[in-house]
Amino acid sequence: MLQHSPVTHEAEADPLPQGAVDLRQESEAAGIAGVLDHLDRDLVGLTPVKTRIKEISSLLLIERIRSRMGLVAVPPTLHMSFTGNPGTGKTTVALRVAEMLHKLGFVRRGHVVSVTRDELVGQYIGHTAPKTKEILKKAMGGVLFIDEAYYLHRPDNERDYGQEAIEILLQVMETQREDLVVILAGYGDRMDKFFASNPGFRSRIAHHIDFPDYSEQELIAIAELILQQQNYRFSADAREAFVRYIALRKTQPLFSNARSIRNAIDRMRLRQANRLVANLDRSLTVADLERIEAADVLASRVFAAAATTRPDSHATGARV
Amino acid sequence: MRLTQGCFSFLPDLTDEQITKQIQYCLQQGWAVNIEFTDDPHPRNTYWEMWGLPMFDLRDAAGIMMELTECRRVYGDRYIRITGFDSSHGWESVKISFIVNRPKEEAGFRLNRQEASGRNIRYTTQAYATDRPEGYRYI
Chain A
1 MLQHSPVTHE
11 AEADPLPQGA
21 VDLRQESEAA
31 GIAGVLDHLD
41 RDLVGLTPVK
51 TRIKEISSLL
61 LIERIRSRMG
71 LVAVPPTLHM
81 SFTGNPGTGK
91 TTVALRVAEM
101 LHKLGFVRRG
111 HVVSVTRDEL
121 VGQYIGHTAP
131 KTKEILKKAM
141 GGVLFIDEAY
151 YLHRPDNERD
161 YGQEAIEILL
171 QVMETQREDL
181 VVILAGYGDR
191 MDKFFASNPG
201 FRSRIAHHID
211 FPDYSEQELI
221 AIAELILQQQ
231 NYRFSADARE
241 AFVRYIALRK
251 TQPLFSNARS
261 IRNAIDRMRL
271 RQANRLVANL
281 DRSLTVADLE
291 RIEAADVLAS
301 RVFAAAATTR
311 PDSHATGARV
Chain B
1 MRLTQGCFSF
11 LPDLTDEQIT
21 KQIQYCLQQG
31 WAVNIEFTDD
41 PHPRNTYWEM
51 WGLPMFDLRD
61 AAGIMMELTE
71 CRRVYGDRYI
81 RITGFDSSHG
91 WESVKISFIV
101 NRPKEEAGFR
111 LNRQEASGRN
121 IRYTTQAYAT
131 DRPEGYRYI
């Protein structure tokens with residue numbers, strides 16, 4: 001034995017013959033194909049995001065094989081930032097990314113700790129550091145998901161404790177890269193401002209992924225997927241009404257993509273239940289219980305608001 | 001004289017890798033892990049100073065190792081031990097406790113004899129370290 005360095009003992013213990021790695025076998029052993037399939041199936045649209053995640057997973061797979069072949073492998077920087085409008089699936093994708101990183105062995109436990117400013121920043125001097133460190137310790141071995149990360153930085157108040165949390169985060173992101181992956185998430189324009197005022201973050205994040213808004217077709221597909229998961233379905237009329245609902249809802253303020261759709265579906269279920277209970281004398285079939293009728297969709301305030309605002313088109317924000 | 005208290009104390013000092021594995025075992029049992037330090041090594045001194053609060057709800061030993069590194073930086077000249085607490089009975093009880101840091105030189109204990117009434121002798125032990133005031137014992 002020529003090599004005595006303890007660093008290479010893993011490569012020595014499990015030597016791979018040079019040039020003989022079965023990529024398919026490696027990929028199956030890691031079990032990431034399942035995660036990626038899951039991602040493809042469960043999330044409608046988001047093509048650019050899925051492409052990026054696939055690219056990252058290929059890189060990590062190769063990285064893993066390289067290190068087993070004894071090639072020099074610097075642990076890759078895996079910190080990411082997810083930008084996009086509300087309800088575009090940032091949190092859901094973060095969960096899948098954590099699962100993928102865990103299967104590839106880049107994080108040891110694969111759990112996700114999801115936090116916002118409140119959990120990181122304290123209320124008085126000396127409160128922030130222990131608070132941030134506690135969260136970091138909980139997230140070790142997994143993924144720390146910081147939602148609406150730009151709230152950490154308050155440019156209007158230079159004595160804000162957020163800066164202290166940012167410094168601790170940056171330090172751990174740099175020194176304990178193999179223990180923790182940090183994902184920052186938030187709306188695109190505000191994240192850009194946040195990165196502009198904290199260049200340290202931008203340079204420590206390897207993957208910036210932008211989540212596009214859903215198209216109307218995708219929103220309908222999401223609605224049908226949610227309904228199907230809850231054992232409901234649209235009648236033909238209701239589907240047509242819901243297409244119109246989406247078109248109207250998108251023009252109104254506070255539209256948050258898939259989240260708005262999920263809330264709309266919850267309200268439709270409420271109205272459907274109300275409609276069924278209104279007539280106590282009838283007997284219900286499974287089909288009755290499953291079906292969302294056009295009336296359940298059309299009773300939405302969105303249609304009422306559109307009808308009242310149409311004659312005088314300036315008051316678009318009125319949604320009571 | 002080498003201090004032998006808690007688990008593994010008759011073995012050579014654990015390496016950081018071994019400490020990490022022991023901590024990970026504690027976490028997998030669902031125990032809360034605590035870091036404590038002292039410069040009074042008397043065996044009946046059960047209450048050591050706490051380094052922060054016990055750590056609950058951690059998944060990975062890296063977080064505790066981070067604290068241990070910090071504790072060693074500040075109190076590297078003292079005894080540091082790691083304790084695992086099990087709360088499954090409804091109260092926190094110590095399930096494991098092992099020393100992870102020692103002073104460079106461990107002076108050991110003096111045996112004191114006290115002549116009591118008649119020809120009785122009372123024995124007691126005292127750490128040489130405690131001859132000096134707290135904070136100056138292992139410099």
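Chains as they are written, first to last, in my numbering: chain A, 1 to 320; chain B, 1 to 139. Ideal placement from N, C-alpha and C gives every residue a C-beta, glycine not left out. These numbers were taken from a predicted model, which means no experiment stands behind them.
* **arginine 119(B): contacting residues in chain A (beta-carbon distance under 7 Å)** => Those within 7 Å of arginine 119(B) in chain A number zero; the least Cβ separation is about 58 Å.
* To do: Thinking glycine 70(A) and proline 212(A) are a contact (beta carbons under 8 Å), I'd like their distance in whole angstroms, please.
  => Incorrect: roughly 41 Å between the Cβ atoms, too far for contact.
* Which two residues bound the contiguous alpha helix (DSSP H) that contains aspartate 86(B)? -> Note, aspartate 86(B): premise wrong, no alpha helix (DSSP H); beta strand (DSSP E) at 79 to 86.
* Asked: Counting contacts by CB-CB distance shorter than 7 Å, is alanine 62(B) in contact with chain A?
  -> yes
* To do: Can you tell me which of the three DSSP states glutamine 272(A) falls into?
  => In the structure shown, glutamine 272(A) sits in a helix (DSSP, three-state: H, G or I).
* Would you report the Cα separation of aspartate 40(B) and arginine 137(B), rounded to the nearest angstrom? -> 8 Å
* **7 Å Cβ shell around glutamine 5(B) - same chain, five flanking residues per side excluded** => Pro43, Ile99
* Asked: Taking buried to mean at least 16 other C-beta atoms within 10 Å of its own C-beta, is valine 286(A) buried or exposed?
  -> exposed
* **threonine 308(A), buried or exposed, once every other Cβ within 10 Å from all chains shown has been counted against 16** => exposed
* To do: Using a Cβ cut-off of 7 Å (strictly closer), state whether aspartate 13(B) contacts chain A.
  => no
* Using a Cβ cut-off of 7 Å, pull out every chain B residue sitting near leucine 144(A), in sequence order please. => What leucine 144(A) touches in chain B: nothing, since even the nearest Cβ is about 11 Å away.
* Whose Cβ in chain B lies nearer than 9 Å to the Cβ of histidine 102(A)? -> The premise fails here: histidine 102(A) is roughly 11 Å from chain B at the closest Cβ pair, so nothing lies under 9 Å.
* Asked: Under the rule that 16 or more other beta-carbon atoms within 10 Å means buried, what is glutamine 217(A), buried or exposed?
  -> exposed
* Asked: Are the beta-carbon atoms belonging to arginine 177(A) and leucine 152(A) less than 7 Å from one another?
  -> no
* **Identified DSSP bridge partners for glycine 84(A)** => Phe211(A)
* Asked: Under 7 Å between C-beta atoms, does arginine 2(B) make it to chain A?
  -> no
* Whether phenylalanine 145(A) touches alanine 206(A) by CB criterion (7 Å) -> No, the Cβ-Cβ distance between phenylalanine 145(A) and alanine 206(A) is not below 7 Å.
* Spatial neighbours of valine 44(A) in its chain, beta-carbon cut-off 6 Å, leaving aside the 5 residues before and after -> Glu218, Ala221, Ile222
* To do: Give me the Cα-Cα distance between methionine 1(B) and alanine 107(B), rounded to the nearest whole angstrom.
  => 6 Å
* How big is the Cα-Cα spacing for proline 103(B) and arginine 81(B)? -> 12 Å
* Asked: Going by C-alpha distance, which of Trp48(B), Gly30(B), Gln29(B) is nearest glutamate 134(B)?
  -> Trp48(B)
* Distance CB(leucine 298(A))-CB(alanine 241(A)) smaller than 7 Å -> yes
* Asked: CA-CA distance, valine 49(A) and arginine 204(A)?
  -> 20 Å
* To do: Alpha carbon to alpha carbon, how far is aspartate 288(A) from glycine 89(A)? Give it in angstroms, no decimals.
  => 32 Å
* Check whether the Cβ atoms of glycine 110(A) and glycine 142(A) sit closer than 7 Å, and answer yes or no. => yes
* Going along chain B in order, which residues have a C-beta closer than 8 Å to the C-beta of arginine 177(A)? -> Those do not exist, as arginine 177(A) stays about 11 Å from chain B at its closest Cβ, beyond 8 Å.
* May I ask you to list the residues that DSSP assigns as paired with glutamate 49(B)? => Phe37(B)
* **Counted within 10 angstroms of its Cβ, other Cβ atoms place isoleucine 121(B) as buried (16 or more) or exposed** => exposed
* For alanine 258(A), does the three-state DSSP call read helix, strand or coil? -> When DSSP states are grouped into helix, strand and coil, alanine 258(A) belongs to the helix group.
* Asked: Is the Cβ of methionine 173(A) closer than 7 Å to any Cβ of chain B?
  -> Chain B contact via Cβ: absent.
* Rounded to the nearest angstrom, how far is the Cβ of threonine 128(A) from that of glutamate 99(A), given a contact under 8 Å? -> Threonine 128(A) to glutamate 99(A), Cβ: 31 Å. No contact.
* **Residues bridged to alanine 127(B) (per DSSP)** => Phe109(B)
* Asked: Around the C-beta of tyrosine 214(A), are 16 or more other C-beta atoms found within 10 angstroms, so that it is buried, or is it exposed?
  -> buried
* **Candidates Arg73(B), Arg78(B), Ser117(B): closest to isoleucine 139(B) by CA position** => Arg78(B)
* Given that a residue counts as buried once 16 or more other Cβ atoms are within 10 Å of its Cβ, and exposed if not, what is aspartate 312(A)? -> With a pLDDT of 47 at aspartate 312(A), under the threshold of 50, the predicted position of this residue should be treated as unreliable, though the coordinate-derived value follows. Exposed: under 16 other Cβ atoms inside 10 Å.
* Asked: Comparing the C-beta of arginine 59(B) with each C-beta of chain A, is any distance below 7 Å?
  -> yes
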